[in-house]
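Numbering-wise (the UniProt record's numbering), the sequence shown opens with residue 1 and increments by one.
Heads up, the beta-carbon is just placed ideally off N, CA and C, and yes, glycines get one too.
The model shown is predicted, which means the values in this text are computed figures rather than measured ones.
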Amino acid sequence: MCIIITRVLLTSAAGLVSAQTQYVMGLSVLTVVCFSLGLTAAAPPSELKHSGCIKVNRCKCLMRDGSGLIDLASVADEDGFIQRLKPLPSAVGNTDVLLSFSPCLPFSQPEDFSISDCTDVAACVNIRIHQDDRVINQYVNYGRHEGNRFSYNESKKTLTVSYSGSCALRPFRTSNGVQIAPEDSVWCMICYQLSERPDDCRRKRNYSLTDTL
Numbered sequence: 001m002c003i004i005i006t007r008v009l010l011t012s013a014a015g016l017v018s019a020q021t022q023y024v025m026g027l028s029v030l031t032v033v034c035f036s037l038g039l040t041a042a043a044p045p046s047e048l049k050h051s052g053c054i055k056v057n058r059c060k061c062l063m064r065d066g067s068g069l070i071d072l073a074s075v076a077d078e079d080g081f082i083q084r085l086k087p088l089p090s091a092v093g094n095t096d097v098l099l100s101f102s103p104c105l106p107f108s109q110p111e112d113f114s115i116s117d118c119t120d121v122a123a124c125v126n127i128r129i130h131q132d133d134r135v136i137n138q139y140v141n142y143g144r145h146e147g148n149r150f151s152y153n154e155s156k157k158t159l160t161v162s163y164s165g166s167c168a169l170r171p172f173r174t175s176n177g178v179q180i181a182p183e184d185s186v187w188c189m190i191c192y193q194l195s196e197r198p199d200d201c202r203r204k205r206n207y208s209l210t211d212t213l
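Set out below in C-alpha cells:
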C-alpha cells in the first residue's frame with residue numbers, strides 16, 4: 001500500500017500565491033500531492049489551542065478556530081478533476097505516464113466500463129506502452145476516497161489529507177518487452193500551490209487553485 005497525500009500549508013503571508021506544479025519521478029515513478037496556500041492573517045496566540053481541522057466529509061474539513069472551511073472541491077474543474085490525463089515524466093522512452101486526480105468525485109478509467117484497477121478511484125495513473133505499432137494501456141489505482149484522513153500539524157501549520165492506493169511503478173524487462181508494475185510501500189508526491197480568493201477575504205475562507213495552474 002502507498003499513500004497519496006494532499007497537504008495544505010497555513011501561513012500568515014498576505015497576497016496571492018502563484019500556482020506551481022512539481023513532479024518527482026525516478027526509475028520508480030514517484031509522485032505526492034500537496035496543496036499549500038497563504039492566509040491573510042495568523043491566529044493570535046490565545047487561539048492556538050483551538051487550532052486543527054475537523055473532517056466534515058471526504059472532501060471538506062472545518063478549521064477549529066473558525067477561520068473557515070477548506071473544500072477540496074473548490075480546486076477542481078467542473079467535472080471534479082484537478083488533473084486529467086496530465087503527462088508525467090517517464091523513465092522509459094516508449095512509455096507515456098498520465099495522471100488523473102479527482103479529490104471529491106470517484107471516477108473510473110478507462111471510461112468504456114472495462115474492468116480495471118482504476119474503478120471508482122480518487123487518483124489513477126494510466127501507463128501507455130508503445131510497442132510494435134500498438135499501444136498497451138495499464139491502469140494503476142493511485143488512491144481511493146474511502147477512509148481518507150485529515151490531520152493537522154500545529155507547529156508547521158500544515159493540514160494533510162491522505163488517500164490509500166498503489167502509486168509506485170517500476171519498469172522491468174520481459175520476453176514481451178518492457179513492462180511496468182506497481183510496487184508496494186513507497187510514498188508518492190505531486191505539489192500544487194493554492195491561494196486564497198480575494199473576494200473571500202472578508203468572509204469564511206474557502207480556498208482554491210489560482211487560475212494559472
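- Along the length of the stretch 58-95, whole beta strand (DSSP E) runs at least 3 residues long occupy 60-63, 69-71, 83-88, reported in chain order.
- DSSP places arginine 149 in the strand class (E or B) of the three-state scheme.
- DSSP places glutamine 138 inside the beta strand (DSSP E), whose first and last residues are 134-143.
- With respect to alanine 123, proline 106 sits apart: the two C-beta atoms are not nearer than 8 Å.
- Here the C-alpha atom of lysine 157 lies approximately 45 Å from the C-alpha atom of valine 135.
- Listed as beta-bridge partners of leucine 98 by DSSP are Pro87, Asn126.
- Proline 103 sits buried, since 16 or more C-beta atoms from the chains shown fall within 10 Å of its C-beta.
- Per DSSP, reduced to three states, the secondary structure at lysine 156 is coil, with no helix or strand assignment.
- In the three-state reduction of the DSSP assignment, serine 116 falls in the coil class.
- It is roughly 9 Å from the alpha-carbon of tyrosine 142 to the alpha-carbon of phenylalanine 101.
- Each of Asn126, Val97, Tyr139 was checked against the Cα of aspartate 117, and the nearest Cα belongs to Tyr139.
- The three-state secondary structure of serine 108, taken from DSSP, is coil.
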